[in-house]
Amino acid sequence: MDLDSLIVLAPFIAMIVTAITLMLVIAVRRNFALVNGIAGFGIVLSLLLIGPAWHKSSIQAIPLLNIDHYALFFVALLLLAGLAVLGLCHDYFKQYDAENEELPLLLLTALLGGSVLAASSHFAALFLGLEILSISLFTLIGYPVNRTRPLEAAIKYLVLSGVSSAFLLMGIALLYAESGELDFIGIEGFIDAHLPLNSVILSGVILIAAGLGFKLSLAPFHLWTPDVYEGAPAPVTAFIATVSKGAVFVLLLRLLVTTGSYRYVPLLTVFSFIAMLSILVGNMLALLQKNIKRLLAYSSIAHMGYLLVALIAGASIARPLVVESAAFYLVAYFITTIGAFGVVSVLSTPQQEAGDVAILRGLFWRRPWLAGTFTLMLLSLAGIPLTAGFIGKFYVFTSGADARLWVLLASVIIGSGLGLYYYVRIIVAMSMNSEEVMSEPPKKSRKWLSTVTLAALSLLLVWFGILPGHLIDCIQSIAISMR
Amino acid sequence: MILPSLIAVLFVGGLAAWISARWHANAPRWTAIVTLALEAWLAASQLTGNHAAEIPLPGRPAAWLTELDLPWILRFGIGFHLAADGLSLLLIALTVLLGWMAVCCSWTEIGKRTGFYYFNLLACLAGTVGVFLAVDLFLFFLFWEVMIIPMYFLISIWGHENRTYAAIKFVIFTQVSSLLMLLAIIVLVLVNYQRSGAFSFDYFALLNVPLEPKLADWLMLGFLIAFTVKLPAVPFHTWLPDAHTQAPTGGSIILAGVLLKTGAYGLLRFVIPLFPDAAHRFAPIAMTLGAVSVLYAAMMAYAQSDIKRLVAYTSVSHMGFILLGLFSWNLLAMQGAVVTMLAHGLSAGALFMIAGFLQKRLHSREFGDMSGMWQAVPRLSAFMLFFVMATLGLPGLGNFIGEFLVLLGAFKVNPIVTSVAALALILAPVYALIIIQKACHGPLQKRPILTDCGILELSSLGVLILASVWLGLHPQTVLDISAPALQQVIQNMNAKEPSWTLIR
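The listed protein sequences correspond, in order, to chains E and G. Residue numbers are given in my numbering: position 277 of the first sequence equals residue 278, and the series is strictly consecutive. Residue numbers are given in my numbering: position 409 of the second sequence equals residue 481, and the series is strictly consecutive.
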């Protein structure tokens, strides 16, 4: 391994080193603030190391990982999301009288898994990354062990995630049995030579799609989502919704582009069906929810559907536009989702998760800044202009229209209409008169880190909504670099 | 730099009003007044200054008076491109005037959270002014959406008993239809991209994109639905009575006076110039829809027992005239439509103000609670009579000029539809008389003594009377200001399809 590879791999190595350091520190001395500080430092260090890696990139550092600008951009995004979640976690868990020190450690391992996914160019890396991520997530979801809901959610996620991984493995095995390749580029060569593909390949591809669809909580595989979102502690929910889904989506996009699967028409049909179902099912079921976390869970199903529309469009439009659309949408989705769950996490107390919409009543008049942030996040989720969410939706429309996916776009429009209803309903609840409101939780503890995080997220949201030029330039360069 | 400041002044003023609420309860009100005064001064200097100078812009049709073009999102060729012609300046003048009225009548009505209220009011006005100025389709869409959210807050926070339902209905109708427009905009841009190899959302660049007839029809529909929902015309009008009825008085004035005009403006500025062929094919249907709106809404108005609901339906009826006029393809009818826009803004705004004043005194909008108002509040009733007469199209007032020109122009094109629409001239007095009869006449009810108009109410309604009379007696000024813009539209139509015989 030469120096260049080392530089390129440095962000990953930094994560690993930090995780190990954390383990050792915890063994010596349990101090939540200290552990959090080290974890935060580790993440920032990895982020800094991305700088030199960026100049060297597009190196196949090891056979499993292709660290190009595309991978590095999303690693950075995941790390930033991890940093934000860490801040939220600190404020959320410091009120618990339990051993919280392993939490940052698990966040770091999960981030490592996600980063590996973002860079993987080989099915072995894919599976490794996915499992590192999932196993960390089981523990994170069930971290407050003395409460029943998180445990239930963790078990549910464990079982279903295990099944989906089995699907994925089986799919990979079938592909390997036919092609003898595990490398994405190798698969491309095989597909090139063997179109149209036989039924074994078809089963393999569909099994892989099902496995990844589960992780993305796309419509027929979405059943776990609301329960897990509701049960997990709010910051962890933010983490699942963004880092876990984002990393898998990044991988899916690379998989499709690198292996040239876009030429494989049945796959696109399957994806189109899944996308439409996700948009409609997600939005319709969200209409019925009274719990904010469940509502956001269903809305995230719908958002994955929108994202998939951009992905499907990739079959017939210029590749840079697809990567751009997906990347911008993901960035906007990350900001809004972490922001929304961040508000929930700030409102939660050790005794009670702030799940019920009733808690939000009159929030505008009690805590105007918090309510304003939440409104901004919801408007961005709804795709209202001057927020990043709108530019994201604009991208989805552009790539969908360019690829002439009229049916899918129609479902996006219907879905947005439905979505607006339930987002606006929350805003209505927040603007209700506070006279008719339950009393404030007695003790208000200071949550500095969360405040800073939410403020930063709101600023980014508006910045990317009004002046998206900077981000677009950056994304364009990764879109071009991707082979 | 005067164009962006027209938008910025309102928005910054709104923020200032919001913040100033911390110091004094009256501060937001005064801030709003000062902001609107500044805005009025800016708009007036623009209106008079350019009219005197008459310097055509380089590379633009002569109708455009001033413009500002800054690059914004280079990736898609989106610019921060504002431009004004006579039409947009007229509508901005209307916006400022009605904004003033809205602030005046909210003075005592809104007692809670005044800072946030005035922020929303001014932000909504800022969005509307942006809509009237934007000539970049992306920017236009942005302002189009931005004006909705503050209005939503106005309805849902300060509205009446059924406000949540009305606010959500309003948002969903306008948003879903505007997404169709967004899709149409994007497809139009992509077609232009495939032809020219460069992204551009610029209005002037997209004006002359050759389109296949079928595609043009679909795109035109995308725009048309968004605008007719906002206008509104009959199949899409159901949000309006709810929103108008539930909004606070200031919100109703802005909704009826200004927001509805953005729909008409969009038809005139975008649908007809961008897709002249498709719009021409669609014209018979649009004219029919217009006539149906006119009659149906007039009849619905007759059946209402809630005064704000009644006025809301009369708005739909008047907007039908605008639809009829715009799709008649001649200068006369279009001029009529523009005058109707202004006149309706004045008369409907005034009627909503009066309804608000009545509600403040009676705590009811039902005619059943109103009878005998003439004895109780004679001055207010006299104002009501005046504006009801304006609504029914009394000669000498603005509405008459508008409707007359529309009917005159449209008759040459489609006599049958126009004749049917003209039946509204019978229906309008009927619903107008209903208002007077039920509210002003009838037995005097036993109720605590009501105060008549105060000085603020008197002066603000007086200004509207003056404006309405001026528009009715001397419409030539308005016709002169809007004529170049409309001629431009018509020239563009002719350039696209020379075979049309234009009726002048």
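The C-beta atom is built at its ideal place from N, Cα and C for all residues, glycine as well. Everything numeric in this text was worked out from a predicted model, so none of it was measured.
- Within the region 220-307 of chain E, complete alpha helix (DSSP H) segments of at least 4 residues are found at 225-232, 235-240, 246-260, 266-288, given in chain order.
- For a Cβ distance threshold of 8 Å, residue set Leu380, Ile385 of chain E lies close to Ile221 (chain G), ordered along the chain.
- For the 8 Å CB-CB criterion, Leu79 (chain E) and Gly247 (chain E) form a contact.
- Taking a Cβ-Cβ cut-off of 7 Å, Ala120 (chain E) has no neighbours in chain G, whose nearest Cβ is about 26 Å from it.
- What Thr200 (chain G) touches in chain E, judged by beta-carbon distance under 8 Å, is nothing: the nearest beta carbon there is about 15 Å away.
- Interface criterion not met: the Cβ of Ile182 (chain G) is under 8 Å from no Cβ in chain E.
- Taking CB atoms only, Ser459 (chain E) has no neighbour in chain G less than 8 Å away.
- In chain E, no part has a C-beta under 9 Å from the C-beta of Ile488 (chain G); the shortest such distance is about 36 Å.
- Using a CB distance cut-off of 8 Å, Ile394 (chain G) does not count as an interface residue toward chain E.
- DSSP links Thr138 (chain G) through a beta bridge to G:Ala156.
- Taking 8 Å as the threshold, the shortest C-beta distance from Leu331 (chain E) to chain G does not fall below it.
- Ile326 (chain G) places its beta carbon less than 8 Å from that of Leu170 (chain G).
- The continuous alpha helix (DSSP H) containing Ile229 (chain G) extends over residues 220-230.
- Comparing alpha carbon positions, the residue from E:Pro145, E:Ser122, E:Leu109, E:Ala120 closest to Ser135 (chain E) is E:Leu109.
- Apart from sequence neighbours up to five positions away, the residues of its chain that approach Ala235 (chain E) with a beta-carbon distance below 6 Å are Phe342, Val345, Ser346, Ser349, ordered along the chain.
- Taking the C-beta atoms as reference points, Val410 (chain G) is found nearer than 8 Å to Ser554 (chain G).
- Runs of the alpha helix (DSSP H) spanning 4 or more residues and lying entirely within the region 447-479 of chain E occur at 449-467, in chain order.
- Taking the C-beta atoms as reference points, Leu113 (chain E) is found no nearer than 8 Å to Phe240 (chain E).
- If only uninterrupted alpha helix (DSSP H) runs of at least 4 residues are considered, those enclosed by the region 455-491 of chain G are 470-485.
- Using a CB distance below 8 Å, the part of the region 232-255 of chain G facing chain E consists of Thr236, Ala239, Ile240, Val243, Ile244, Gln247, Val248, Leu251, Leu252, Leu254, Leu255, ordered along the chain.
- Listed along the chain, the chain E residues whose CB falls inside 7 Å of the CB of Ser228 (chain G) are Val429, Ser432.
- In the structure shown, Gly149 (chain G) falls within a coil segment according to DSSP collapsed to helix, strand and coil.
- Contact check for Ser482 (chain E) and His70 (chain E): beta-carbon distance about 4 Å, within the 8 Å limit, so the pair qualifies.
- When secondary structure is reduced to three states using DSSP, Ala206 (chain G) falls in the strand class.
- Cβ-Cβ separation between Leu477 (chain G) and Leu558 (chain G): approximately 12 Å, too far for a contact (criterion under 8 Å).
- With contacts defined by Cβ atoms closer than 8 Å, Val218 (chain G) and Gly418 (chain E) do not form a contacting pair.
- Not flagged as an interface residue toward chain E: Ile553 (chain G), since no C-beta distance is shorter than 8 Å.
- Residue pairing by DSSP puts Glu438 (chain G) in a beta bridge opposite G:Asp378.
- CA-to-CA, the gap between Pro345 (chain G) and Leu398 (chain G) works out to about 12 Å.
- Taking all protein chains in view, the Cβ of Gln353 (chain E) is surrounded by fewer than 16 other Cβ atoms within 10 Å, so the residue is classified as exposed.
- Here Phe245 (chain G) is buried: its Cβ has 16 or more other Cβ atoms, across all protein chains shown, within 10 Å.
- Pairing Glu181 (chain G) with Ser532 (chain G), the inter-Cα distance amounts to about 15 Å.
- In this structure Tyr424 (chain E) is in contact with Leu382 (chain E), their Cβ atoms being roughly 6 Å apart against a cut-off of 8 Å.
- Around the CB of Gly421 (chain G), 16 or more other CB atoms lie within 10 Å, so the residue is classed as buried.
- The beta carbon of Ile506 (chain G) is closer than 7 Å to those of Tyr374 in its chain, skipping five residues each way along the sequence.
- With its beta carbon at least 8 Å from every one in chain E, Glu284 (chain G) lies outside the interface.
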